[in-house]
């Protein structure tokens, strides 16, 4: 007796592909949303004295930014950084209007995260000497290490926005 077999492989591939595409779209726009929220939140905190004083060990030890406290007070520099960060958040959220806006925001974001990652090499207390590699402190070490993921998200958003611009 012969049995009849029905091949559902193309249906399974199509539904898996559709689920993958939907998941990727959710992740893509989730990255835009998450990065914008992070910038609004972190940027908003820069207007507080609490946050401003928390930046001092990072900024003052940086070869790139250590000079800013010669020009600006701790609170003024933090507020200027807050303006920059909130503006980056607005530009990234601006993807709703134009990929040009999110491309500019993502490029600025990548530059900011490259800068903050450089603090890992100049801020005292990042490495926990008694632990050996890969021993880093919770703060500032692990706090700064998260910026690798945020840098990757910034580069992803820049690429996604650029791809959208090029396809128009």
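In my numbering, the protein residues as written are 3 to 170.
Glycine residues also receive a C-beta, built at the ideal position from the N, C-alpha and C atoms.
Keep in mind the model is a prediction, meaning the values are calculated, not measured.
With a cut-off of 8 angstroms on the beta carbons, I'd call residue i and residue j a contact; round off their distance for me.
{"i": "residue 45", "j": "residue 91", "result": "6 angstroms"}
{"i": "residue 2", "j": "residue 59", "result": "Only positions 3 to 170 of the chain appear in this structure, which leaves residue 2 out of reach."}
{"i": "residue 67", "j": "residue 112", "result": "That belief does not hold up - the Cβ atoms of residue 67 and residue 112 are roughly 17 angstroms apart, past 8 angstroms."}
Inspect the beta-carbon positions of residue i and residue j and report whether they are closer than 9 angstroms.
{"i": "residue 95", "j": "residue 158", "result": "no"}
{"i": "residue 162", "j": "residue 104", "result": "yes"}
{"i": "residue 155", "j": "residue 54", "result": "no"}
{"i": "residue 77", "j": "residue 118", "result": "no"}
Do you know how far the Cα of residue j is from the Cα of residue i?
{"i": "residue 48", "j": "residue 41", "result": "10 angstroms"}
{"i": "residue 109", "j": "residue 160", "result": "6 angstroms"}
{"i": "residue 114", "j": "residue 88", "result": "13 angstroms"}
{"i": "residue 57", "j": "residue 20", "result": "45 angstroms"}
{"i": "residue 169", "j": "residue 81", "result": "38 angstroms"}
{"i": "residue 167", "j": "residue 133", "result": "47 angstroms"}
{"i": "residue 86", "j": "residue 30", "result": "23 angstroms"}
{"i": "residue 138", "j": "residue 93", "result": "33 angstroms"}
Using C-beta distances below 8 angstroms, list every residue in its chain close to residue i, excluding the 5 sequence neighbours before and after it, in chain order.
{"i": "residue 5", "result": "Reliability fails at residue 5, whose pLDDT of 48 lies under 50, so the model's placement of it is uncertain and the value that follows must be treated cautiously. Result list for residue 5: empty, nothing under 8 angstroms."}
{"i": "residue 71", "result": "58, 61, 62, 79"}
Buried or exposed for residue i, going by 16 or more other Cβ atoms inside 10 Å?
{"i": "residue 97", "result": "buried"}
{"i": "residue 116", "result": "exposed"}
{"i": "residue 38", "result": "buried"}
Apart from the five residues just before and just after residue i, which ones in its own chain have a Cβ nearer than 6 angstroms to its Cβ?
{"i": "residue 122", "result": "128, 146"}
Given residue i, which residues of its chain have a CB within under 7 angstroms of its CB, disregarding the five upstream and five downstream residues?
{"i": "residue 83", "result": "48"}
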